[in-house]
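Residue numbers (numbering that gives the first Met the number 0), protein chains in the order written: chain U, 0 to 390; chain V, 0 to 376.
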Amino acid sequence: MPNLEEFRQQTRAWLEESCPASMRNPINSDKDQCWGGRNWVFESDEQRLWLECMAERGWTAPQWPKEYGGGGLSREEAKILKQEMARITARRPLESFGIDMLGPALLKFASEEQKQRYIPEIIRGEIRWCQGYSEPNAGSDLASLQMRAEDKGDHYLVNGSKVWTSYADKSDWIFCLVRTDFDAPKHKGISFLLFDMTSPGVSTNPIKLISGKSPFCETVCENVKVPKENLVGELNKGWDIAKYLLTHEREMIGGFGLSRAGTKTLGQMAVSAIGVADGRLAERGIRTDIADFEIDEMAFALTIERVVDEAKAGQGTGAASSLLKLYGTELNKDRNELLMSIGGSEALAWESEGGETQAQHWLRSKGNSIEGGTSEIQLNIIAKRILGMPG
Amino acid sequence: MALVLNEEQQMLRDSAKSFIQESSPVGALRKLRDSGEEWSPELWSGMAEMGWTGIAIPEDFGGLEFGYVGAGIVLEECGRTLAASPLLSSSFVCASLLEAVGNEAQKESLLAAIAGGETVFTLALCEGDRFDPTRIATTAAADGDTYVLNGSKKHVLDGDLANTFIVVARLTGDADSEDGLGLFLVDRDTEGLSVSTTLNADNRRVGNLDFESVRVAANAVIGKPGANGAALARALDIGAALSAAELLGVAQESFERTLDYLKDRKQFGVPVASFQALQHRAAQLFCELELCKSCVLKALQAIDQDSPDRSTLVSMAKAKVAKTSKLAVNEAVQMHAGIGMTDEFDIGFFMKRSAAACQEYGDYYFHSDRFAELGGY
Ligand SMILES: Cc1cc2nc3c(=O)[nH]c(=O)nc-3n(C[C@H](O)[C@H](O)[C@H](O)COP(=O)(O)OP(=O)(O)OC[C@H]3O[C@@H](n4cnc5c(N)ncnc54)[C@H](O)[C@@H]3O)c2cc1C
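Pasting the structure below:
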């Protein structure tokens, strides 16, 4: 095993030197998170610089193979990188569905040419991807999707609509589930297609959320021509890719359950907002709920650690992604409910100078247990796949 | 440190599992209860032969020096079959105190006897009905180089078996002060000490002790009277973390038995496990138990490594496991329904043991309160 302590020292020194000061500040608004892509306007030179120097080492995707521009790190090294970034409260240099969802699926299912083409630009944050899975009549029952792609010899002709497509209006490309066999059983006629959002016939309409923001869209395809080389994996075998990608999406969303390094704990926030009486938080009911939450949060973080360590030691329990998705998203909702309680009437404010309000965060968090498969669907998966319950 | 069992620890778990399933399955508890007994001396000698009585004791004093992660592995397996023994109070909690503050002579003789299972020690700490390690009114008055104890203790674990009590008594300060406590070795048959026992719902006996001018010789004082706070705190953390480990075994086993039953039991022409209302509750409980496993291992590692946030991690673990175990045994009885309510069926034993183990070394409320306090709120 390479010398991990040495790796830690080098990483620490490099991060100290390379991570710009402003990239160590807490995230306050959407613009603080860099999503990259053709149309991204960097918030600051430092944001650009941080992305560039991390991407150059492949550290936007630390464990991906070096041959495609990834970091080539082992699990142990990636864990150290994460710890060292947390130590200086460094922001993630790139938020990306390409990294969290599409990339792992491409690495497993795509052809060599496709990997060479798409992966390096994901790592460098040059292309922003969105996810075309859900449709108006295919939510939890995703496999019933109806968007069709017809074989026209040298291309597929795509027609239909997707809905709840996060950031479709800001994305450069989409990875999309389409029906390519109209007679086969529903899981067996689905294919996995990639296409450019600027292709003629693609349009997006933003949908406003209860939080007042419009991060997601309706995406309509009318006679969109997609080159045949953009099919990933085999025709009609897209469902396996779709499911594999979902496990990665779930792990990403589950990570919302963790509080960001360097931020105050709920207990500390409550002490400043509510005050102390007899050496304890003055509002005793909230105190108990905060303790419950913080215990679960700590236990959850430890469970993520344990799952990773067990996988490393070859003792994996498997199917952990549903557990992490379920628990992490419910925790994030609890956290936001508590923040609303701690803030009291003050937390209801709807307008603020720059950044999002607590009320907006709170409302947005409700989507966590819906996106990527609802909590009920995760419970179904755990009951059936892990616990072996029938029906 | 990786949050997994290493190879040695996995081997320990396998051997602990097969020993305990063989020599003390749940049926053994039923037999004991039906014949009016609470524990089995044969099981205890078997445990001593396995080295469990010395698992956390340094090799120099006749132990295996396997650490508290090892002790937790053993207790978790005992939790699965509800096997009763004084491992926790004698071999783990009292031994840790003697190791930390005992003098060389005490360590030589007493630790070796504990490691060999030849004698049983227990801690006589609490005086009320809730775990409260500073509410100590029992007094120790110096008289030359001896001490005289007066007061009483309640709910002393393994109070029926212990040959010797480590008594926590107050030298100075008021009843709630953390300082001014001394540790005294008092043999069961010492003049002035009267011991009665109470049988609890889980078929274990706890002791009620009364001290009337009990004289303690100089060589029966452990550590420096008034200055044992850190060692006592650590011993109680060991108790809480290990009781969480045992409770995890109780909860996990009752969950697995319930899951098997749901797959077996048919109503409306199908296994009841096919009903989504039950599937979701089972899946939720599965997740909680997964979190508990992580908490318990982390807390025990924190003790072995002398981590600065040991107490926070221990309170996290005990609070989380106590809450989850309560859910697990309640779901178990509800999902077994009629048969779950019968004495003839074993699942009720899990509910009774869970309730008792939840109280040992601090219940959910004690530990969630301490967790908040340590978190500064
Ligand atoms: C913020 C946000 C972002 C999103 N981003 C994207 C995106 O980028 N790309 C994309 O493709 N999709 C996206 N989605 C869509 C998301 O994946 C779907 O909303 C989700 O899968 C649920 O589908 P649905 O909304 O149609 O609900 P439905 O499936 O209609 O569910 C309604 C209710 O029924 C329950 N239910 C359904 N089936 C079962 C069952 N078998 N057992 C028990 N209960 C059941 C559900 O849990 C839910 O409570 C996003 C959603 C949100 C909220």
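Glycine residues also receive a C-beta, built at the ideal position from the N, C-alpha and C atoms.
Sorry if obvious, but does the Cβ on residue i come closer than 7 Å to a heavy atom of ligand 1?
i                      : result
residue 369 of chain U : yes
residue 376 of chain U : yes
residue 132 of chain U : yes
residue 128 of chain U : no
residue 246 of chain U : no
residue 45 of chain V  : no
residue 204 of chain U : no
residue 328 of chain U : no
residue 174 of chain U : no
residue 164 of chain U : yes
residue 335 of chain U : no
residue 331 of chain U : no
residue 215 of chain U : yes
residue 275 of chain V : yes
residue 237 of chain U : no
residue 210 of chain U : no
residue 379 of chain U : yes
residue 169 of chain U : no
Is the separation between the beta-carbon of residue i and that of residue j shorter than 8 Å?
i                      : j                      : result
residue 203 of chain U : residue 168 of chain U : yes
residue 200 of chain U : residue 122 of chain U : no
residue 299 of chain V : residue 230 of chain V : no
residue 137 of chain V : residue 150 of chain V : yes
residue 294 of chain V : residue 325 of chain V : no
residue 247 of chain V : residue 292 of chain V : yes
residue 65 of chain V  : residue 148 of chain V : no
residue 187 of chain V : residue 194 of chain V : yes
residue 62 of chain V  : residue 114 of chain V : yes
residue 109 of chain U : residue 275 of chain U : no
residue 221 of chain V : residue 333 of chain V : no
What are the start and end residues of the alpha helix (DSSP H) that includes residue i?
i                      : result
residue 169 of chain V : Element bounds for residue 169 of chain V: not the alpha helix (DSSP H) but the beta strand (DSSP E), 163-169.
residue 335 of chain V : 309-335
residue 25 of chain V  : 25-33
residue 270 of chain U : 265-273
residue 257 of chain V : 228-263
On the DSSP letters alone, give me the boundaries of the beta strand (DSSP E) that residue i sits inside.
i                      : result
residue 140 of chain V : 138-142
Name the chain V residues whose beta carbon is nearer than 9 Å to that of residue i?
i                      : result
residue 325 of chain U : 282, 283 and 286
residue 153 of chain U : Those do not exist, as residue 153 of chain U stays about 47 Å from chain V at its closest Cβ, beyond 9 Å.
Consult DSSP for residue i and reduce its assignment to one of helix, strand or coil.
i                      : result
residue 307 of chain U : helix
residue 103 of chain U : helix
residue 194 of chain V : strand
residue 173 of chain V : coil
residue 207 of chain U : coil
residue 376 of chain U : helix
residue 63 of chain U  : coil
residue 173 of chain U : strand
residue 166 of chain U : coil
residue 294 of chain V : helix
residue 214 of chain V : strand
residue 130 of chain U : strand
residue 304 of chain V : coil
residue 221 of chain U : strand
residue 236 of chain U : strand
residue 216 of chain U : strand
residue 4 of chain U   : helix
residue 185 of chain V : strand
Given that residue i touches chain V, what residues does it touch there, using C-beta distances under 7 Å?
i                      : result
residue 297 of chain U : 315
residue 301 of chain U : 2, 293, 294 and 297
Note down, in chain order, every chain V residue with its Cβ under 8 Å from the Cβ of residue i.
i                      : result
residue 308 of chain U : 1, 2 and 3
residue 266 of chain U : 371, 374, 375 and 376
residue 245 of chain U : Simply none; closest approach about 17 Å.
Run down chain U in chain order and give the residues with a C-beta less than 9 Å from the C-beta of residue i.
i                      : result
residue 278 of chain V : 378, 379, 381, 382, 383, 386, 388 and 390
Run through chain U and tell me which residues come within less than 8 Å of residue i, C-beta to C-beta.
i                      : result
residue 367 of chain V : 287, 290, 291 and 294
residue 319 of chain V : 294, 295 and 298
residue 262 of chain V : 387, 388 and 389
Residue i: beta carbon under 7 Å from a heavy atom of ligand 2?
i                      : result
residue 138 of chain U : Looking for ligand 2 in the displayed structure turns up nothing; the ligands present are ligand 1.
Name, please, each residue of chain B whose Cβ falls closer than 7 Å to the Cβ of residue i.
i                      : result
residue 322 of chain U : The question asks about chain B, but that chain is absent: this structure's protein chains are U and V.
If the cut is a Cβ gap below 7 Å, which residues of chain U does residue i touch?
i                      : result
residue 270 of chain V : 389
residue 110 of chain V : Neighbours of residue 110 of chain V on chain U: none; closest Cβ ~32 Å, over 7 Å.
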